[in-house]
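Contents: one structure, followed by commentary.
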Ligand SMILES: [Zn+2]
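In the numbering used here, the protein residues as written are 2 to 201.
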C-alpha cells in the first residue's frame with residue numbers, strides 16, 4: 002500500500018522508545034487519513050505536525066484535505082432515522098471497545114479506528130452513512146455525556162440518543178413503522194427507554 006512516509010525524511014538520533022512511539026503515532030495517523038479523517042482530527046489524535054499530515058492526505062487521496070467547519074455535535078449531525086441507525090451501530094461497537102475510562106476525558110483513537118473498521122465491515126463500506134470524522138464526533142459526545150446509548154424496550158435494540166436532537170426514541174421502531182410494520186411505541190409513548198451510560 003502507498004506509504005507517504007517514504008517521501009518524509011526520517012528522524013535519526015532518537016532513542017528506541019521515542020522512535021517506537023513515533024512509529025505508532027505515524028501508523029495511527031495513516032489509518033485515520035486512509036479512512037478520510039480530517040487533518041485536524043489526526044493532529045489531535047497523534048500530535049504529528051499539521052503540515053506533514055496535510056502532505057500525507059494529499060498523497061493518499063490525490064487532493065487537498067477538506068477545510069471548513071465540522072458538525073458541532075452529534076445532535077446537529079444526525080438528522081435522519083437512517084443516519085441515527087448507522088450512528089447507533091458505530092456507537093454500540095465503540096462503547097464495547099473503547100478504553101476511554103482508563104485515560105480520563107480523552108478518546109482512545111486506536112479504539113476509534115478499530116470500531117470504525119468493524120462498523121465498515123458490517124455495512125456497505127466507505128460509502129456508508131457515517132464518515133470517520135462523524136464517528137470521532139460521536140465518540141467525543143459519548144465521552145462528554147452529550148450523547149448516550151439508550152435501550153428500546155419495544156424492539157430490544159440499543160441506539161444512540163444525542164442530548165440535543167430533533168429525533169426522539171428508537172430509529173429501528175421509527176423506520177419499521179414507516180414501512181407499515183408494527184409501531185414500536187408502547188402505551189407510555191415510547192418514553193420507557195432506558196439509558197445505558199457509555200462512560201463511567
Ligand atoms: Zn425500537
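Using N, Cα and C, we set each Cβ at its ideal position, and we do this for glycine too.
No experiment lies behind these values; they were computed from the predicted model shown.
Secondary structure at residue 155: coil, using DSSP grouped into helix, strand and coil.
Rounded to whole angstroms, the gap between the alpha carbons of residue 158 and residue 140 is 19 Å. Counting only runs that start and end inside the stretch 75-139, the alpha helix (DSSP H) elements of at least 4 residues fall at 75-78, 82-98 and 110-123. In this structure, residue 151 has its beta carbon at no less than 6 Å from each heavy atom of ligand 1.
When the alpha-carbon of residue 143 is set against those of 125, 113 and 26, the nearest one is in 113. Selection 108, 109, 110 and 136 evaluated against residue 120 yields 136 as nearest (Cα-Cα). Annotation: the continuous alpha helix (DSSP H) that includes residue 19 extends over 17-35. An exposed status is given to residue 126, since fewer than 16 other beta-carbon atoms sit within 10 Å of its beta-carbon. For residue 145, the three-state secondary structure derived from DSSP is helix. At a cut-off of 6 Å, the beta-carbon of residue 38 does not count as near ligand 1: no heavy atom of the ligand is closer than that. Residue 131 counts as buried, since at least 16 other C-beta atoms from the protein chains shown sit within 10 angstroms of its C-beta. Segment contact: the stretch 71-88 against the stretch 159-175, three or more CB-CB distances shorter than 8 Å; contact assigned. Taking every protein chain shown into account, the CB of residue 109 has 16 or more other CB atoms within 10 angstroms, so this residue is buried. The residue from 87, 81 and 35 with its alpha-carbon nearest to that of residue 66 is 35.
Counting every other CB atom within 10 Å of its CB across the protein chains shown gives residue 167 a total below 16, marking it as exposed. Assigned with DSSP and collapsed to three states, residue 175 falls in helix. Taking 6 Å as the cut-off, the C-beta of residue 15 does not count as close to any heavy atom of ligand 1. Unbroken alpha helix (DSSP H) stretches of 4 residues or longer found wholly inside the stretch 37-72: 40-47 and 51-62, given in chain order. In the same chain as residue 86, and ignoring 5 residues on each side of it, the C-beta atoms closer than 6 Å to its own belong to 172, in chain order.
At the C-beta level, residue 82 and residue 175 come within 7 Å of one another. For residue 43, the number of other beta carbons within 10 angstroms of its own is at least 16, and it is reported as buried.
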